[in-house]
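Peer 1: What follows is a structure written as structure tokens; I'll ask about it next.
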Amino acid sequence: MKKILIFGGTGNISLDLTNKLKEKYDVSILNRSDTKVVGVKTIKGNVADLKLLESIKDDFDIIFDFLLFNENEAKDRIKIFSNVKQYFFISSVTVFDRENNIYIDENTKKGNPYSEYAKNKLLAEKVFEKSSINYTIIRPSQTYSNRRIPLSVKGKYCYPVIRRIIEDKFVLIHGDGTNLWSAMHSIDFANIVEKLILNPKAIREDFNVCSTNFTTFNEIYKIIAKKVNKELKVKYITSQELLKYDEYDFKTAFMGDKRYSNIYKRDKLESIGIYEKDSIDIEKGIEMYLDNKENEKEVDKNFEIFCDRLK
């Protein structure tokens with residue numbers, strides 16, 4: 001049985017992948033928290049601890065890296081894990097020039113001037129491409145789960161936005177709420193990515209793993225309001241207007257991401273025989289999120305103060 005190590009493994013995108021992979025592989029996760037996953041070994045530590053990584057480098061066949069954010073980290077990981085059979089680097093579709101391109105595939109011009117996160121992910125991609133390691137670069141669009149859903153203007157957490165709807169308060173949506181948005185459930189993400197493991201056609205290749213179903217932020221908020229049986233009250237605000245406020249990194253979130261309408265093509269995945277369709281649409285995904293009562297514990301007083309400023 002092949003051994004897989006996941007850096008992260010319990011996050012919004014990665015947890016469902018962890019649970020998927022443990023069905024076929026010997027899976028371990030490395031993270032700093034005490035979070036456990038049934039059927040999965042946990043290595044408690046910091047991925048930045050290079051001595052720790054050196055001590056375990058020969059124990060695994062495949063690496064999934066959800067915690068790599070810049071070129072120096074890429075260089076360190078590649079040097080240590082140069083002999084693994086496959087190294088999955090989880091990048092992001094935010095690396096693309098989405099301002100000047102509607103249709104996005106793996107060959108679309110890259111470059112996002114508004115997001116340091118995207119700039120650093122792209123630099124890390126280039127390190128992998130110049131290396132000799134057996135990499136596979138994965139670029140998700142927004143990926144959500146039963147712990148986090150796609151929202152427009154939000155603070156640290158998601159549920160405070162839901163609570164505002166329940167309490168008959170207005171919510172903030174950027175622009176006019178009509179831009180197309182691609183959101184994929186993490187279960188569907190896992191189903192596709194699992195098919196790339198040790199796939200010869202995936203070695204030293206990059207893939208955009210995105211939903212082919214599209215929604216709008218207006219539609220997302222209408223679904224939420226319907227599910228909680230409340231009337232939706234919206235205050236629209238432009239992405240440029242949001243830049244006046246420094247409580248949150250709105251430049252990255254909106255100028256560099258949420259304001260765009262893009263259609264992601266999956267031709268490259270299909271060219272290697274992966275035709276997986278989304279099994280969870282946005283309405284079902286929101287319902288799954290609302291059914292998770294743990295989310296109701298989320299409180300963000302600073303976000304409430306921020307919203308009150310915009311009355």
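Residue numbers (UniProt numbering): 1 to 311.
The beta-carbon is built from N, C-alpha and C at its ideal position, and this holds for glycine as well.
As the structure is a computational prediction, the values presented were derived from the model and not from experiment.
If you reduce the DSSP assignment to three classes, tell me which class residue 278 lands in.
Peer 2: Three-state result, residue 278: coil.
Peer 1: Give the straight-line distance between the Cα atoms of residue 309 and residue 57, rounded to the nearest whole angstrom.
Peer 2: Each residue's Cα considered, the two are about 51 Å apart.
Peer 1: Determine the DSSP secondary structure at residue 140, reduced to helix, strand or coil.
Peer 2: Correct three-state label for residue 140: strand.
Peer 1: When you compare only the Cα positions, how much space is there between residue 117 and residue 149?
Peer 2: The straight-line gap from Cα to Cα measures roughly 20 Å.
Peer 1: Going by the DSSP bridge assignment, what does residue 90 pair with across the sheet?
Peer 2: 138, per the DSSP bridge assignment.
Peer 1: Between 73, 63 and 246, which has its C-alpha nearest residue 136's C-alpha?
Peer 2: Measuring from the Cα of residue 136, the nearest candidate turns out to be 63.
Peer 1: Under the DSSP definition of a beta bridge, which residues are partnered with residue 31?
Peer 2: Residue 31 is bridged to 44.
Peer 1: Is the segment 198–206 close to the segment 229–239, with three or more CB pairs under 8 Å?
Peer 2: In short, these stretches do not touch, since the Cβ pair count stays below three.
Peer 1: Is it true that the CB of residue 186 sits closer than 7 Å to the CB of residue 13?
Peer 2: The answer is yes: Cβ separation under 7 Å.
Peer 1: Short of 8 Å in beta carbon distance, which residues of its chain neighbour residue 282, apart from the five on each side in sequence? Order them along the chain.
Peer 2: So the qualifying residues of the chain are 150, 183, 213, 215, 219, 220 and 223.
Peer 1: Quick check: the Cα distance between residue 271 and residue 107, rounded to an integer number of angstroms?
Peer 2: So the two alpha carbons sit approximately 14 Å from each other.
Peer 1: To the nearest angstrom, how far is it from the Cα of residue 105 to the Cα of residue 152?
Peer 2: If you take the alpha carbons of residue 105 and residue 152, they lie about 24 Å apart.
Peer 1: Within its chain, find whatever has a CB closer than 6 Å to the CB of residue 164; leave out the 5 residues flanking it on each side and keep chain order.
Peer 2: Closer than 6 Å at the Cβ level, and outside the excluded window around residue 164, lie 171.
Peer 1: Measure the C-alpha to C-alpha separation of residue 53 and residue 7 and round it to an integer number of angstroms.
Peer 2: Their backbone Cα atoms lie some 11 Å apart in a straight line.
Peer 1: Let me check one thing: in DSSP terms, what residues is residue 205 bridge-paired to?
Peer 2: Paired residues: 136.
Peer 1: Within the same chain, show all residues whose beta-carbon is closer than 6 Å to that of residue 157, passing over the 5 residues directly before and after it, in chain order.
Peer 2: Taken in chain order, the residues that qualify are 298 and 300.
Peer 1: Should residue 255 be labelled buried (16 or more other beta-carbon atoms within 10 Å of its own) or exposed?
Peer 2: Buried.
Peer 1: In the DSSP assignment, what residue or residues form a beta bridge with residue 169?
Peer 2: None, per the DSSP bridge assignment.
Peer 1: What does the alpha-carbon distance come out to for the pair residue 89 and residue 230?
Peer 2: Going by the C-alpha atoms only, they are around 41 Å apart.
Peer 1: Taking the alpha helix (DSSP H) that residue 76 belongs to, which residues open and close that run?
Peer 2: That run of the alpha helix (DSSP H) goes 71–80.
Peer 1: According to DSSP, residue 5 sits in a beta bridge with which residue or residues?
Peer 2: In the DSSP output, where bridge partners are listed per residue, residue 5 has 28 and 63.
Peer 1: By how many angstroms is the C-alpha of residue 27 removed from the C-alpha of residue 21?
Peer 2: Going by the C-alpha atoms only, they are around 7 Å apart.
Peer 1: Contact check, residue 18 vs residue 33 under 8 Å by CB: the rounded distance?
Peer 2: In fact, because the Cβ distance is near 13 Å, the residues do not count as touching under 8 Å.
Peer 1: Can the beta-carbon of residue 65 be found closer than 7 Å to that of residue 85?
Peer 2: In this structure, residue 85 does not lie closer than 7 Å to residue 65 by Cβ.
Peer 1: Excluding the 5 residues preceding and the 5 following residue 306 in the sequence, name in chain order all residues of the same chain whose CB lies nearer than 6 Å to its CB.
Peer 2: For residue 306, where only same-chain residues beyond five positions count, the Cβ hits under 6 Å are 247.
Peer 1: Could you pull the start and end residues of the beta strand (DSSP E) that residue 299 belongs to?
Peer 2: Counting along the chain, residue 299 falls outside any beta strand (DSSP E), and DSSP gives it neither H nor E.
Peer 1: Comparing alpha-carbon positions, which option in 302, 287 and 311 lies nearest residue 146?
Peer 2: Among 302, 287 and 311, the Cα nearest to that of residue 146 is on 287.
Peer 1: Is it true that the CB of residue 91 sits closer than 7 Å to the CB of residue 133?
Peer 2: No.
Peer 1: Report buried or exposed for residue 257, applying the criterion of at least 16 other Cβ atoms within 10 angstroms of its Cβ.
Peer 2: Answer is buried; the Cβ neighbour count reaches 16.
Peer 1: So who's on the other strand from residue 184, going by DSSP bridges?
Peer 2: In the DSSP output, where bridge partners are listed per residue, residue 184 has 143.
Peer 1: Tell me the start and end of each unbroken beta strand (DSSP E) in the segment 217–271 that is at least 3 residues and wholly inside, in chain order.
Peer 2: If we require 3 residues or more, the beta strand (DSSP E) runs fully inside the segment 217–271 come out as 234–237.
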